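See below for the structure under consideration.
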Amino acid sequence: MKFYLDTHNPVVTECFKKMKWTAVGPKKDWNIYWATQKKCCTLFRGDQGYRMLANQMVNHFPNSSELCRKDLLLKNIRRYNRELKRDAAGTRRSDATDFFPTTFEMPKEYDLFLEEFTRGESKVWIMKPVGKCHGNGIFLVNRLSQVDRWSPAYRHTLDYRLTGAPEPYVISRYVTKPLLLYGKKCDMRLYVLVTSFRPLKAYLFNHGICRICTVPYTNRASEMENGFVHLTNASVQKQPGKVNKVTIGTLKEHLDRTRGKAATRALIADVRALIVHSLKAVQPVMFYDKHCFECYGYDVMVDRKLKPWLLEINSSPSLVATSELDRALKKELVGNVLRVVLPPDGVPNTAWNKRPSAKATENFQLLIDEEETRPPV
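Residue numbers for the sequence shown, in UniProt numbering: 1 to 377.
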């Protein structure tokens, strides 16, 4: 079997070579193309004239931006919420999307944001560019003057004429009372494998990461610009000699001790429901192809009442190892993903029914399988 990577990644390469696969170039007959999202989109473009064979797979769905781009996810969550509210049978919860903070597109929804900002009790919001990652471009605001560039009035200024329209952002209500670990803000990076969107089939990897800020948390206005207090992104918090990651198991043990096992189990159930509803929200618009699978990185924050909040979803979660913990977890993740998406004989085959063995999925929890009869979340 042959694989092709369009970016250098020692962890992924090592996993393929452990399976005795051979690395090849883009022009060769690869069996799995481990691509960037951008390259995957190009591969599926009609003008490329590329037709994949039955024994070829790629590690992205071509329009996963519907799930992972912040403004598109907002659009899909809103549509899904309207559908739930119209559900006359009452079989699904109408508040199923309350895991998503109040959010607006900027500058398109500036006036709606202004109305909410004026009447809301919390004046702290967080601005994020719609298509960036690693904490780039994120900042907190607590005054309207800080978002002037996204206001309608800005279009009449000299700056607008010189620099053009501001970059599209989303602005979300900031969770000012997060769950703290060691007195510091933390969140969860969870790995979700989707092998099919129609029917929807998804798994949660058992071994996620709890990302921790390196500076004790405070909501003082004077520290609003301090990324070491507020942003858990590994690229922001990476500092020599400072711990910024522990396992999800460590977080669960902490919650078992401090909140009780029943509360921890309830939180885990809520997180599972959050993931399923987010996938259902994009299911109608996802381009489905049997050649595709995708492992998403879900960033979920928990507040002090143990309510989970969806921060964002990554179509290309980092597989670069920054520590021994990172390396071990990511090797296990990639190896297990490959075991689930490949048929028992190890040869990609679009005719396969995508029903892996219990052994292949032993490090995953099944989140949803629409081929089975299950009650709604």
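Quick reminder that beta carbons are idealized off the backbone N, C-alpha and C, glycines included. Just so we're clear, the structure is a prediction, and the values are computed from it rather than from any experiment.
Closest by CA to residue i, which one among the options?
| i | options | result |
| --- | --- | --- |
| residue 234 | 321, 367, 353 and 166 | 321 |
| residue 26 | 310, 40 and 256 | 40 |
| residue 1 | 345, 362 and 326 | 345 |
| residue 312 | 45, 111, 77 and 31 | 77 |
| residue 244 | 214, 253 and 228 | 214 |
| residue 366 | 152, 334, 343 and 205 | 205 |
| residue 219 | 207, 246, 236 and 177 | 177 |
| residue 171 | 246, 18 and 108 | 108 |
| residue 31 | 16, 118 and 110 | 16 |
| residue 138 | 194, 64, 371 and 227 | 227 |
| residue 132 | 315, 160, 246 and 155 | 315 |
| residue 110 | 98, 127, 83 and 100 | 127 |
| residue 328 | 246, 157 and 42 | 246 |
| residue 293 | 158, 7, 33 and 6 | 33 |
| residue 37 | 52, 7 and 50 | 7 |
| residue 187 | 43, 271 and 343 | 271 |
| residue 230 | 281, 175, 304 and 257 | 175 |
| residue 258 | 75, 182, 100 and 117 | 182 |
| residue 83 | 260, 281, 99 and 42 | 281 |
For residue i versus residue j, is the C-beta spacing smaller than 7 Å?
| i | j | result |
| --- | --- | --- |
| residue 184 | residue 217 | yes |
| residue 248 | residue 210 | yes |
| residue 279 | residue 224 | no |
| residue 196 | residue 354 | yes |
| residue 130 | residue 71 | yes |
| residue 364 | residue 203 | yes |
| residue 180 | residue 302 | no |
| residue 173 | residue 232 | no |
| residue 361 | residue 54 | no |
| residue 379 | residue 274 | Outside the shown range of the chain, which is 1 to 377, sits residue 379, and nothing can be said about it. |
| residue 334 | residue 12 | yes |
| residue 35 | residue 58 | yes |
| residue 277 | residue 96 | yes |
| residue 9 | residue 325 | no |
| residue 120 | residue 236 | no |
| residue 193 | residue 337 | yes |
| residue 114 | residue 104 | no |
| residue 379 | residue 306 | Given a span of 1 to 377 for the chain in the structure shown, any question on residue 379 remains unanswerable. |
| residue 160 | residue 154 | yes |
Please classify residue i as buried or exposed, where buried requires at least 16 other C-beta atoms within 10 Å of its C-beta.
| i | result |
| --- | --- |
| residue 287 | exposed |
| residue 251 | buried |
| residue 308 | buried |
| residue 80 | buried |
| residue 299 | buried |
| residue 147 | buried |
| residue 255 | buried |
| residue 265 | exposed |
| residue 291 | buried |
| residue 359 | exposed |
| residue 164 | exposed |
| residue 347 | exposed |
| residue 356 | buried |
| residue 253 | exposed |
| residue 19 | exposed |
| residue 156 | exposed |
| residue 4 | buried |
| residue 269 | exposed |
| residue 145 | exposed |
| residue 64 | buried |
| residue 342 | buried |
Excluding five sequence neighbours on each side, which residues of the same chain lie with their C-beta closer than 8 Å to the C-beta of residue i?
| i | result |
| --- | --- |
| residue 142 | 123, 124, 125, 221 and 224 |
| residue 317 | 189, 191, 295, 296 and 297 |
| residue 283 | 197, 198 and 200 |
| residue 69 | 130 and 131 |
Which residues in the same chain as residue i place their Cβ atom closer than 7 Å to its Cβ, once the five residues preceding and following it in sequence are excluded?
| i | result |
| --- | --- |
| residue 73 | 67 and 313 |
| residue 29 | 2 |
| residue 285 | 66 and 76 |
| residue 331 | 11, 14 and 15 |
Only counting the same chain, and skipping five residues up and downstream in sequence, which positions put a Cβ closer than 6 Å to that of residue i?
| i | result |
| --- | --- |
| residue 369 | 201 |
| residue 150 | 106, 107, 110 and 166 |
| residue 371 | 199 |
| residue 14 | none |
| residue 375 | At residue 375 the pLDDT is 48, less than 50, meaning the model places this residue with poor confidence; the figure from the coordinates comes in the next sentence. Around residue 375: no qualifying Cβ. |
| residue 100 | 77 and 310 |
Contact criterion: CB-CB distance below 7 Å. Does residue i meet it with respect to chain D?
| i | result |
| --- | --- |
| residue 336 | The displayed structure is made up of one protein chain only, and chain D is not part of it. |
Exercise. Counting only runs of 3+ residues fully inside the segment 185-220, write out the beta strand (DSSP E) ranges in chain order.
Key: Taking only runs of at least 3 residues, the beta strand (DSSP E) segments lying wholly in the segment 185-220 are 200-205 and 209-212.
Self-check item: Segments of 3+ residues assigned as beta strand (DSSP E) that fall wholly inside the segment 30-97
Solution: Those beta strand (DSSP E) runs which fall completely within the segment 30-97 and span 3+ residues are 32-34.
Quiz item: In chain order, which alpha helix (DSSP H) runs of at least 4 residues are fully inside the segment 221-293?
Solution: The qualifying runs are 227-230, 234-237, 248-258 and 261-282.
Self-check item: Runs of beta strand (DSSP E) lying entirely within the segment 136-191, each at least 3 residues, in chain order
Solution: As far as the segment 136-191 is concerned, its whole beta strand (DSSP E) runs of at least 3 residues are 139-141 and 169-173.
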